[in-house]
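Visitor: With positions in the sequence shown counted from 1, the corresponding number in the numbering used here is that position plus 7. Pasting in a structure now, in structure tokens, and then I'll have a few things to ask.
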Amino acid sequence: MRDIRRVQKHLGKPAALFVALFVAIATFGLTTTAQAKEDFQAYWDNGIRLKSDNVSVKFGGRVMVDAMWGVGNRDFEVNLNGGPYLDGVEFRRLRFYNAGTINKKVGWKVQIDYANNALSLKDAYVTFKDVFAGFSVTVGNQKEPFSLEEQTSSKYITFMERSLANAFSPGRTVGLQVANHSLLDGKATVAASISRPTILGGSEDGEYAFGGRVTFAPILEDKGERVVHVGIAYRFHEDPYQSKVNEFRFRERPEIHISPRYVNTGNFDADTIQELGFELAAQFGMVNVQGEYILAIVSNDGVVGGTFGGTNATGEPKFHAWYVQASVFATGEFRPYKGGAFSRVKPNNELGKDGIGAIEIAARLSSINLTDRAEAVAGGNELNFNLGVNWYMTPNARVMFNYVYASFDELAAPPLKEGHLQAVQTRFQVDF
Numbered sequence: 008m009r010d011i012r013r014v015q016k017h018l019g020k021p022a023a024l025f026v027a028l029f030v031a032i033a034t035f036g037l038t039t040t041a042q043a044k045e046d047f048q049a050y051w052d053n054g055i056r057l058k059s060d061n062v063s064v065k066f067g068g069r070v071m072v073d074a075m076w077g078v079g080n081r082d083f084e085v086n087l088n089g090g091p092y093l094d095g096v097e098f099r100r101l102r103f104y105n106a107g108t109i110n111k112k113v114g115w116k117v118q119i120d121y122a123n124n125a126l127s128l129k130d131a132y133v134t135f136k137d138v139f140a141g142f143s144v145t146v147g148n149q150k151e152p153f154s155l156e157e158q159t160s161s162k163y164i165t166f167m168e169r170s171l172a173n174a175f176s177p178g179r180t181v182g183l184q185v186a187n188h189s190l191l192d193g194k195a196t197v198a199a200s201i202s203r204p205t206i207l208g209g210s211e212d213g214e215y216a217f218g219g220r221v222t223f224a225p226i227l228e229d230k231g232e233r234v235v236h237v238g239i240a241y242r243f244h245e246d247p248y249q250s251k252v253n254e255f256r257f258r259e260r261p262e263i264h265i266s267p268r269y270v271n272t273g274n275f276d277a278d279t280i281q282e283l284g285f286e287l288a289a290q291f292g293m294v295n296v297q298g299e300y301i302l303a304i305v306s307n308d309g310v311v312g313g314t315f316g317g318t319n320a321t322g323e324p325k326f327h328a329w330y331v332q333a334s335v336f337a338t339g340e341f342r343p344y345k346g347g348a349f350s351r352v353k354p355n356n357e358l359g360k361d362g363i364g365a366i367e368i369a370a371r372l373s374s375i376n377l378t379d380r381a382e383a384v385a386g387g388n389e390l391n392f393n394l395g396v397n398w399y400m401t402p403n404a405r406v407m408f409n410y411v412y413a414s415f416d417e418l419a420a421p422p423l424k425e426g427h428l429q430a431v432q433t434r435f436q437v438d439f
């Protein structure tokens, strides 16, 4: 009890309750295992697992510690804040989760993040499996079905941060999703969702988002060692009553989380926002290539007012972003593929087991355009080059090194109009 109070003091009551629940269930599971091994057993499978004939429970988490050193050119730094581009260190993610299934039909997941002393809820949903024709129904706070990068867990992405195109990914919202990720013997996936893009407990009138994603792998062999992936996603976000003035905006960091956001449309009103994404990826053994293009179209009839770029209350500005990336495993591994996304890399020879782990070398070029002069929006353009080296010591631990070169122009925030920065960043990651 004293330990729980100590957790509550330092992490807050919600985190303390989660830790208490974690400990209680784990203790119960291990006790049950000792008393009746034939009914319940505990084991390790990239995380703590408890399993009986009818129930399976998982406990896990991820710890990501980042450090960054950066510098901008003289015009960039002088125009930005009259000083140098600042370095930094942070806990990028500090997450813990509990998930499980009952009778192989009902599942759940609850995940919290306590990075940088800020408690936030990530996944929190219930899934009803195989409701009809292999389709499952999930209700709660979850990722919308959009973008290959977003659907690939942060534990498994190739670079420390997702690309500039992630500015258009909706991430997690509260809603209902219907999906089947094993069509055509695992080669195809279909998902559709309806959600409320508001915080939990919020209430508004008429704001909804509808979306869907379809993927197909015409080539899929050996768990993705050879795979060609194509995908398309669409999202329609409607706020017909515009209950909040200047509610929306698009912005993005330069693939450096310890950094301000420089490209930024500013806040604006919108009746609808439509997003269309295209995905293409291929992997042949140790070589992987991947790319996406996302287009966003904003529409505002000006009935409620609001602005585009501070001058125009109506219009239909268009924004877009893309990236292409490639990676190669010098030690011969590949990125497993399942359900329309890439998953955990498993080194052929783990560190500590007569091996050095896996070494991956990667490069990415990405771009975002948040400027539409015809509609008086000057959010800025950015072009990034990212070079990365990843060392997978085990399936659950890796060290990442990234070099980022970011070039900006047509930025809206005066007096900064253009410039570039360079940064080196590293991550130490353990997940289970």
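Positions of the beta carbon are idealized from the N, C-alpha and C atoms, including for glycine.
1) In terms of residues, what are the limits of the beta strand (DSSP E) holding L190?
2) If you reduce the DSSP assignment to three classes, tell me which class L394 lands in.
3) For F175, which three-state DSSP category applies?
4) By Cβ distance, which residues of its chain are closer than 6 Å to L302, with the 5 residues on each side in sequence left out?
5) Measuring alpha carbon to alpha carbon, tell me which residue in D46, D82, F98 and V62 is nearest T6.
6) Between the Cα of T338 and the Cα atoms of E228, Y399, A430 and G346, which residue gives the shortest distance?
7) Please report the straight-line C-alpha distance between N393 and V411, rounded to a whole angstrom.
8) Return the residue from the list G386, E357 and S127 that minimises the CA-CA distance to E340.
9) Terminal residues of the continuous alpha helix (DSSP H) containing L155?
10) I'd like to confirm the pairing. Which residues does DSSP put opposite L101 in its beta bridges?
11) Pick helix, strand or coil for D276, following the three-state DSSP scheme.
12) Among residues of its own chain, excluding the 5 on either side of F255, which ones have a beta-carbon nearer than 6 Å to its beta-carbon?
13) Would you call the CB atoms of D60 and W76 closer than 7 Å?
14) Which full runs of the beta strand (DSSP E) of 3+ residues lie inside the region 338–372, going along the chain?
15) Starting from the Cα of F415, find the closest Cα among I375, V437, Q436 and A430 and give me that residue.
16) Can you name the residues that DSSP bridges to L93?
17) Just to confirm before moving on: does the CB-CB distance between S306 and E323 stay below 7 Å?
18) How is the beta strand (DSSP E) around K129 delimited, first residue to last?
19) Could you pull the start and end residues of the beta strand (DSSP E) that P225 belongs to?
20) Pull up the distance between the alpha-carbon of V384 and that of R371, whole angstroms please.
21) Quick one: grab the DSSP three-state call for I32.
Guide: By the coordinates alone:
1) No beta strand (DSSP E) holds L190; the alpha helix (DSSP H) holding it covers L190 to G193.
2) strand
3) helix
4) L283 and H327
5) Only positions 8 to 439 of the chain appear in the structure, and residue 6 is not among them; the question remains open.
6) Y399
7) 5 Å
8) E357
9) L155 to Q158
10) V70
11) coil
12) F275 and A277
13) no
14) none
15) I375
16) DSSP, once it has assigned bridges, lists no residue as partnering L93.
17) yes
18) S127 to F139
19) Y215 to E228
20) 27 Å
21) With a pLDDT of 48 at I32, under the threshold of 50, the modelled position of this residue cannot be trusted; read the value that follows with caution. It is helical.
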